[in-house]
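Everything below concerns the one structure shown next.
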Amino acid sequence: MVAPARHSPRWRLVAAWVVWLSAAVACCAIGYRAVHRQADRVSPVADGRAATTDTWLGWLAMDHPTAALQRAAASVPADKAIVVVGSTEEGGLSLAYFIISSLAWPRQVSLVTCAPDDAAPVVVVDTTEPIGALLYIRLEDRGGRSVDTTRISPVVRLERSNAGPGSWCSL
Amino acid sequence: MVFAVAVLLAAWGGLGLTLLLLGRRGATDTPGAGELLCLSVLLGLATVSFVLFLAGLIHPPAAIGAATLTCAGLGAWGVFWHHPTLTAIVVRRRGWQDWVWLLVALVIIGGTTAVVWWFSQHGTLRFDGVAVWEIKARLASVHHGTIPSGYYRDPTRAWSHPLYPPFIPLIEGWVYRWVGHPDQQAALLLFPLFFAIGAGLLWAGGRRLTGRRLPAAVGPLLLLAVPLITDGDGSASSGYADVPIAVYYLAAVIFVLDHLLHDRASSLRIAAAIAMVLPWVKQEGLVLFGGLAIVLVGACMLRERRGALRPRAAGLAIASFCLPGLFVGVGWRVYLSHVHAIREHDYLPYTWHTLSSNIGRLPMIGSHLFDELAMWDRWTLLWPWFGATAVLWFVARRGSALQAAPLLVILPAAADCGVYLFSAWQPVEAHIDSSLSRLLLQLTPVAMLLIAMSLPSGRRTIRPDLRRSRRPAHDDSPAERADDAFLDDTALDVTALSDESVPS
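If you read the sequences in order, they're chains A and X. First residue of the first sequence? That's 56 in the numbering used here, and the numbers climb one at a time after it. First residue of the second sequence? That's 6 in the numbering used here, and the numbers climb one at a time after it.
Put into structure tokens, the structure is as follows:
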């Protein structure tokens, strides 16, 4: 049921093929080379079920930071909010906050930054629930120094406190 | 292993659904086994996410059980009801050439997927992969597979875009529930799977729409040549929703074009089923869905005006395609309103006043677009090549059923750029820089498909099985004859611009 095939003039077909094939070869050559360069740039990542967040939180100087922070958050009552307090100069703070917030459900998680030599906190993300705990990241000299404090790593501590904003960044 | 069980169970449900949508088919239009597998996974994962969401509205503790039972039951129903179709697909008689091409397909698709898989296993989820999608998947994994409504109202989690549709989190949550705990490495595996399906569909779509094997083989090879697909924000190794939505869009485009070309009702059913998932994957899905709908409506109206389609049939085709997707898009907005989801402030009100006051952004948006299209380290030569292909396509296929196909890339791209007129970001350039490449990524597989279809061909074979059965015999307009020519040869001959596209 196939009728005789008609053919385009040979030279036009050859020209079309040459143009198309050249584009394909150039496209693949440039593309595959770029992919190869991407592979060279891949950096080592953490292992395990929380490989991504453990890699991102590596700067918090603790083993399995995702699991450690999830355990710490779970120690706060579910109807109380956690305030993450960090320095305005801390580059990875936002990322850490996002991860902590994703681990702490159903607790609300607020973000507060403290500027150097300034006791006034900057509330970046506010909470509507009562405060249950303050999670300090690399701010050893700040806060109300609650008695009920858990040290999660050398640079992270959890203070179970319902202290108000006035003491969050106190020097 | 458990990951495979979760995906296979979804695919089993998708297989049943695909067979039900295909109906009883003839030998000429039965899909290949690979195409069937791709459709099964796509429709199966969509089914899982819809069932998890709906069951979560009614009785959350039963959500995982409901999704499992739905997949098992749907698969059994479809396979039992249409087992002759399935048998015909699986035990199709194949010659040695078919086996050779099957081997080539496995090598190309397997090889390209292995590269993407390597990147996913040696990298991490990227920012949106965690902060927008994985956070919700974690919630789903500890709430019976559903996202609790309280999340949408939580002001401290507004940064995670609660208004984004929940397809990706729900299927990640589905995998987490089967694995037994949140596992970011398992979530990362989902995205190379989408890449593999995209490569498979490029193969199957090239074959389906051109009737030739070479364009089919070229598509997946070209797909891997786009560096942004393998690594970077939005890539298939990043955990973003852009590659999944691109693959759903590709599948919908293939079956819309197949319907326009071959007038197959089953293709329209499958296209509608897949297109309705687009607004469910990401907000931009509405733009993609709209682009598809415009092209389909235009083609149906054109054919109706030529007398090739009855008005009622045209209306039915348009309604059956558009209504499911609209239902999903509107339904999601209604749900968000119902749970009093917090408002996001990325966009200004969509009003005439906003448009007129921001119209001055157009040159800047255009400039960013052209800069982006020319970034070889992200796109290689894709966009210049696609531009040339689109121009030749419009000229060479004048009056054919698929003449408007390049609009399926151009219209969504234009709409995506137009949305920046309503951006509330300051400066708006930051919004463009952070999202334009990902919006273009969603269109990349379709652009690849059209480029592969434009592979030159000198042969023009008459294939009676591809002709429309309902075309009135008296219609002999030049445009209809152009359609005939197109049906005879669905491959673009770039050298045959004027004298062969409308044969005398």
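All C-beta atoms, glycine included, are put in the ideal place defined by N, C-alpha and C. Remember, predicted model here, so these are calculated numbers, not experimental data.
In this structure, the alpha-carbon of glycine 210/X lies about 9 angstroms from that of leucine 262/X.
Look at arginine 206/A here: in three-state DSSP terms it is strand. Between valine 7/X and tryptophan 183/X, the C-beta spacing is below 8 angstroms. Excluding its 5 nearest sequence neighbours in each direction, tryptophan 390/X has C-beta neighbours in its own chain below 7 angstroms: Ile456, listed in chain order. Listed in chain order, the non-local C-beta contacts of leucine 79/X below 6 angstroms within the same chain comprise Gly18, Gly21 and Leu22, local neighbours out to five positions each way being set aside. Scanning its chain for C-beta atoms nearer than 6 angstroms, with the 5 sequence neighbours on each side dropped, one finds around aspartate 203/A the residues Arg215, in chain order. Within chain A, Val97 and Val100 have C-beta atoms less than 8 angstroms from the C-beta of glycine 128/X, given in sequence order. DSSP places arginine 212/A inside the beta strand (DSSP E), whose first and last residues are 211-214. Around the beta carbon of valine 105/X, fewer than 16 other beta carbons sit within 10 angstroms, so the residue counts as exposed.
Taken atom to atom, the span from the alpha-carbon of leucine 166/A to that of phenylalanine 326/X is near 46 angstroms. A distance below 8 angstroms separates the beta carbons of arginine 143/X and proline 187/X. Taking a C-beta distance under 8 angstroms as the contact criterion, arginine 338/X and valine 433/X do not qualify as a contact pair. Cα atoms of glycine 141/A and alanine 106/A: separation of roughly 24 angstroms, rounded to the nearest angstrom. Close to glycine 155/X, with beta-carbon spacing below 8 angstroms, are these residues of chain A in chain order: Pro161.
Within the stretch 83-102 of chain X, no residue places its CB atom closer than 7 angstroms to a CB of chain A. Non-local beta-carbon contacts of alanine 204/X in its own chain, meaning distances under 7 angstroms to residues more than five positions away in sequence, involve Ile114, Thr117, Thr118, Pro225 and Leu228 in chain order. DSSP places cysteine 224/A outside both helix and strand once states are collapsed to three, so it counts as coil. Looking at the DSSP output, alanine 93/X sits in no beta bridge, so it has no partner there. By a beta-carbon distance limit of 8 angstroms, isoleucine 85/A does not contact tryptophan 388/X. Their separation comes to about 13 angstroms. Residue range 164-169 is occupied by the beta strand (DSSP E) that includes threonine 168/A. When Cβ pairs closer than 8 angstroms are counted between the two stretches, the stretch 298-317 of chain X is seen not to touch the stretch 343-357 of chain X, the count staying below three.
Among the residues of chain A, those whose CB is under 9 angstroms from the CB of proline 160/X are Gln163, Val180, Asp181, Thr182 and Thr183, following chain order.
Annotated three-state conformation of proline 176/A is strand, per DSSP.
Neighbours of tryptophan 72/A in chain X, taken as residues at a C-beta separation under 7 angstroms, are given in chain order as Pro461. Between alanine 251/X and leucine 446/X, the CB-CB gap stays under 8 angstroms. Cβ-Cβ distances below 6 angstroms link alanine 280/X to Ala257, Phe294, Leu297 and Gly330 in the same chain, with the five nearest sequence neighbours on each side left out; the list follows chain order. Taking 8 angstroms as the threshold, the shortest C-beta distance from alanine 230/X to chain A falls below it.
Chain-ordered, the chain A residues with CB closer than 7 angstroms to the CB of aspartate 188/X read Arg104. Annotation for leucine 413/X: Val258, Gly296, Leu297, Val300 and Val451 place their beta carbon closer than 7 angstroms to its own, counting only its chain and skipping 5 residues before and after.
Residues of the same chain with a CB within less than 6 angstroms of the CB of alanine 116/A, apart from the 5 flanking positions on each side, are Ser208, Pro209 and Val210 in chain order. For alanine 191/X, the closest C-alpha among the options Leu441/X, Ala435/X and Tyr181/X is that of Tyr181/X.
Within the same chain, Cβ atoms closer than 6 angstroms to the Cβ of tryptophan 285/X are found at Pro170, Phe172 and Val333, the five residues on either side in sequence being excluded.
For leucine 107/X, the secondary structure class from DSSP, reduced to helix, strand or coil, is helix.
Serine 142/A carries a strand assignment under DSSP once its states are collapsed to helix, strand and coil. The stretch 87-105 of chain A makes no contact with the stretch 395-409 of chain X; the number of CB pairs closer than 8 angstroms stays below 3.
Residue pairing from DSSP places alanine 188/A in a beta bridge opposite Ile137/A.
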